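Have a look at the structure below, then the notes.
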Amino acid sequence: MTGQGHAQIQNELGTFSVEVRTVNNRGLKCVIRTSDSLSSLESKIEATARTLIHRGSVQLNLQWRRPGDETPQRINETVLAGYFQQCRRVLDKQNGNGSIDITGLLELPGVLINSPVEDRQNDDVIWDAVHQTLVAAIVNLNQLRDAEGVNMAASLEADCQVIRTQVDEITLLAPEAIESYRERLETKVKQALEKHDINVQTVDLLREVQVYADRADISEEVTRLGSHLQLFLAVMRGEHTDRKTSPGDKSTAEPTGRKLDFIIQEMFRETNTIGSKANHAGISARVVEVKCAIERMRELVQNLE
Numbered sequence: 001m002t003g004q005g006h007a008q009i010q011n012e013l014g015t016f017s018v019e020v021r022t023v024n025n026r027g028l029k030c031v032i033r034t035s036d037s038l039s040s041l042e043s044k045i046e047a048t049a050r051t052l053i054h055r056g057s058v059q060l061n062l063q064w065r066r067p068g069d070e071t072p073q074r075i076n077e078t079v080l081a082g083y084f085q086q087c088r089r090v091l092d093k094q095n096g097n098g099s100i101d102i103t104g105l106l107e108l109p110g111v112l113i114n115s116p117v118e119d120r121q122n123d124d125v126i127w128d129a130v131h132q133t134l135v136a137a138i139v140n141l142n143q144l145r146d147a148e149g150v151n152m153a154a155s156l157e158a159d160c161q162v163i164r165t166q167v168d169e170i171t172l173l174a175p176e177a178i179e180s181y182r183e184r185l186e187t188k189v190k191q192a193l194e195k196h197d198i199n200v201q202t203v204d205l206l207r208e209v210q211v212y213a214d215r216a217d218i219s220e221e222v223t224r225l226g227s228h229l230q231l232f233l234a235v236m237r238g239e240h241t242d243r244k245t246s247p248g249d250k251s252t253a254e255p256t257g258r259k260l261d262f263i264i265q266e267m268f269r270e271t272n273t274i275g276s277k278a279n280h281a282g283i284s285a286r287v288v289e290v291k292c293a294i295e296r297m298r299e300l301v302q303n304l305e
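Numbering (UniProt numbering), first residue to last: 1 to 305.
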């Protein structure tokens, strides 16, 4: 789910600011950018983010401005020269074509430094400040994502209603499909009998119709599709929890979006079976509507946690 959040905290060590942005992604991918003074904390930052965000492509920008950082940053000439020499070697291999953008080199890690001395005595205090700011930014992000989730939930509810309506109509049309087959079979048999002057017992005709009826019976698929639909709504509304997880415990609960994705796969499978079993134009048309609704739901669910 898309969104962004920001937080800033000040203490005796300076100003800590965090900006977090997310875009839709089926899994979880974290990209972290920090000032050089916070680079050693990147593993902790990612671990914290993964406990609070479970899906999406996440970009985290963290900055720490210490007292006295208002002075211009210094250039680490040794690091810059190293980058420059590497770029020059690449250009030489290309017969000298192209130029080196110094502005771009200044953005590379280690080129700009805030101070020549790093105070490592305050590591715990620094991490506490970073952690507090990071959590606040993600809370802000989730508030915006929750608002977007309300709109998504409304769309999913509407598509669930579409599916329910179409399935109800399919249930009503199922006996008609059997009767339609019986009429077609009877017509074809009569035409064949008249052409070849052959007598066929009515019981044989009924037996063939019964075989078709058994093969085309979609009652189990319709029942399972209805159950999947109810489960989908319960999970989406937070009314269904894993038996191993208490209702309020989100620490070990499986992400809702992933669970909904699995349910949608089952719904699509049952719908496909209904379409392949029922050789009836009316049912086929409604199966198409159900598939369209499921596909819309699938696209939305990919964005949910």
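C-beta atoms are modelled at their ideal positions from N, C-alpha and C, and glycine is treated no differently. Quick caveat: nothing in here was measured; it's all calculated off a predicted structure.
Exercise. Where does residue 5 land, buried or exposed, given buried means 16+ other C-beta within 10 angstroms?
Worked result: buried
For this session: Consult DSSP for residue 35 and reduce its assignment to one of helix, strand or coil.
Result: Coil.
Problem set entry | Between the CA atoms of residue 288 and residue 239 - distance to the nearest angstrom | 29 Å
Exercise. Residues in its own chain within less than 6 Å of residue 23 by CB, not counting five upstream and five downstream?
Worked result: 2 and 57
Exercise. If you compare alpha carbons, which of 304, 174 and 191 is closest to residue 282?
Worked result: 174
Exercise. Are any of the Cβ atoms in chain B nearer than 8 Å to that of residue 111?
Worked result: You won't find chain B in this structure, because it holds only one protein chain.
Exercise. So residue 61 is in the beta strand (DSSP E); what residue range does that whole segment cover?
Worked result: 56–65
Exercise. Mind checking residue 31: buried by the 16 CB within 10 Å criterion, or exposed?
Worked result: exposed
Exercise. For residue 133, is the classification buried or exposed, using 16 other Cβ atoms within 10 angstroms of its Cβ as the cut-off for buried?
Worked result: buried
Exercise. In whole angstroms, what separates the C-alpha of residue 10 from that of residue 141?
Worked result: 20 Å
Exercise. To which residues does DSSP link residue 19 through a beta bridge?
Worked result: 6 and 61
For this session: Please state whether DSSP places residue 11 in a helix, a strand or coil.
Result: Three-state DSSP puts residue 11 in a strand.
Exercise. Pairing CB atoms from the stretch 162–171 with CB atoms from the stretch 71–88, are three or more of them under 8 Å?
Worked result: no
Problem set entry | Span of the alpha helix (DSSP H), counted from its first residue to its last, around residue 290 | Run containing residue 290: 281–301, per the alpha helix (DSSP H) assignment.
For this session: For residue 74, name the three-state secondary structure that DSSP assigns.
Result: Strand at residue 74.
Exercise. Going by DSSP, which residues form a beta bridge with residue 29?
Worked result: 57
Exercise. Under a Cβ-count criterion, where at least 16 other Cβ atoms within 10 Å of its own Cβ denotes burial, should residue 303 be classed as buried or exposed?
Worked result: buried
Exercise. So residue 235 is in the alpha helix (DSSP H); what residue range does that whole segment cover?
Worked result: 219–236
Exercise. In whole angstroms, what separates the C-alpha of residue 290 from that of residue 234?
Worked result: Spanning the two alpha carbons is a distance of roughly 19 Å.
Exercise. Nearest to residue 207 by CA position, among 51, 265 and 178, is which residue?
Worked result: 178
For this session: Can you check the stretch 139–192 for any alpha helix (DSSP H) of at least 4 residues that lies completely inside it and give the ranges in chain order?
Result: none
For this session: Decide yes or no for the touch test of the stretch 36–53 against the stretch 100–116: beta carbon pairs closer than 8 Å, at least 3 of them.
Result: yes
Exercise. On the premise that residue 137 lies in contact with residue 7, defined as a C-beta separation below 8 Å, what is that separation, rounded to the nearest angstrom?
Worked result: 4 Å
Problem set entry | Exposure of residue 195, with buried meaning 16 or more beta-carbon neighbours within 10 Å | Flag for residue 195 reads exposed.
Exercise. If you check the beta carbons only, do residue 294 and residue 264 fall under 8 Å apart?
Worked result: Yes; because the gap between Cβ atoms is below 8 Å, this pair is in contact.
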